[in-house]
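Quick notes on the structure that follows.
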Amino acid sequence: MPKRPLGPSPTRVIGAFAGGWLAGFWLFILNGISILAFGLAPTLGMAASSDPTARTLSGQVRGLTDQGDIITASHGVWRLALLDRPRSTERELWAATLNELLPAGSQITISAAFQDRWGRWVGMIKIPTSLQTALLERGVAVVNPMLWSKPSAKTTLLKILPQLYAAEDRARRAQKGLWATGNRSIEPASTTIATDDGQMHLIEGTIQSVSEVRDRWYLNFGTDWRQDFTLQLDKAQAKAWAATRPVPLTALKGQRVRVRGWPRYANGPLIELTSPFMIELSLDGGHPLR
218 MPKRPLGPSP TRVIGAFAGG WLAGFWLFIL NGISILAFGL APTLGMAASS
268 DPTARTLSGQ VRGLTDQGDI ITASHGVWRL ALLDRPRSTE RELWAATLNE
318 LLPAGSQITI SAAFQDRWGR WVGMIKIPTS LQTALLERGV AVVNPMLWSK
368 PSAKTTLLKI LPQLYAAEDR ARRAQKGLWA TGNRSIEPAS TTIATDDGQM
418 HLIEGTIQSV SEVRDRWYLN FGTDWRQDFT LQLDKAQAKA WAATRPVPLT
468 ALKGQRVRVR GWPRYANGPL IELTSPFMIE LSLDGGHPLR
């Protein structure tokens with residue numbers, strides 16, 4: 218009597234392995250096609266492209282969140298790009314102005330939109346004119362270029378930011394809204410600057426020196442870098458500056474600039490630049506982003 222085999226024959230093993238491999242291969246291909254098709258479809262809740270300039274949506278206003286974002290009927294929550302978040306003391310004015318401009322049921326459009334990590338659509342909102350400009354002209358908001366950090370947004374930023382800076386400047390000169398209450402102001406770089414308070418500051422002054430130390434750039438606004446206000450750029454941000462701003466860092470010495478950022482204490486108040494658009498140039502006239 219022949220002995221009973223202890224396991225499947227080599228032929229069966231090879232056949233099963235080949236069959237399983239082929240099934241897995243076709244399953245991988247089909248899944249890949251499905252994922253690709255799903256990713257390309259303009260579905261709600263997922264951006265169809267990593268390019269923030271690719272999406273334009275229309276929606277109906279339902280109300281506001283506690284943080285001042287806009288709730289729409291069909292496309293979730295929308296956030297105003299390029300505007301600083303209202304502080305706790307500013308939310309009442311922010312909400313009142315938005316409720317005036319956007320009564321429930323209003324039709325609005327968001328363009329150049331992308332989704333942030335919380336699923337909110339961030340972009341430029343029209344009512345049909347620019348909502349960002351309307352808020353800035355009323356002195357209800359302040360420009361924050363850090364709210365648009367997508368690399369592919371460079372062209373949109375260069376086109377829009379000068380208009381927003383101009384609208385903010387008109388409200389500041391007319392002492393409207395937050396500029397009248399003292400909630401927001403431009404601080405001279407030579408004065409005492411609060412640090413580590415979690416708030417965006419607007420600081421203006423003349424850059425006294427520019428130096429590079431161990432792949433970091435330092436823009437000093439005083440003669441004593443151990444206690445005076447300083448801007449710092451790491452190697453990546455220095456490259457970003459060179460790619461987006463035609464003025465070399467070394468040419469900033471002697472220029473009067475305005476900076477937006479969050480100061481921390483490091484041998485005096487220091488702001489780390491995480492976007493080349495945090496600095497405004499040509500404050501005496503001309504294009505602020507030249």
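Convert by adding 217 to the 1-based position in the sequence shown; the result is the number in my numbering.
The beta-carbon is built from N, C-alpha and C at its ideal position, and this holds for glycine as well.
A quick note: this is a predicted structure, and the numbers were derived from the prediction, not measured.
By the 16-neighbour rule on beta-carbons within 10 angstroms, glycine 340 is buried. Taking C-alpha positions only, tryptophan 442 is separated from asparagine 484 by approximately 7 Å. A residue is called buried when at least 16 other Cβ atoms come within 10 angstroms of its Cβ; aspartate 283 does not meet this threshold and is exposed. For serine 407, the closest alpha carbon among the candidates Ser499, Gln277, Val474 is that of Val474. Here glycine 356 is near arginine 389, since their CB atoms are less than 9 Å apart. Checking the DSSP bridge columns, you'll see leucine 297 partnered with Gly340. With fewer than three CB-CB distances shorter than 8 Å, the stretch 326 to 338 does not count as touching the stretch 305 to 315. Cβ-Cβ distances below 7 Å link leucine 352 to Leu300, Thr314, Ala358 in the same chain, with the five nearest sequence neighbours on each side left out; the list follows chain order. Taking C-alpha positions only, valine 360 is separated from arginine 387 by approximately 13 Å. Straight-line measurement puts the Cα of proline 486 at about 11 Å from the Cα of glycine 439.
Two segments are said to touch when three or more pairs of C-beta atoms, one from each, lie closer than 8 Å; by this definition the stretch 449 to 468 does not touch the stretch 396 to 410. Rounded to the nearest whole angstrom, the CA to CA distance from proline 320 to tryptophan 338 is 20 Å. At the C-beta level, valine 464 and glutamate 497 stay beyond 9 Å of one another.
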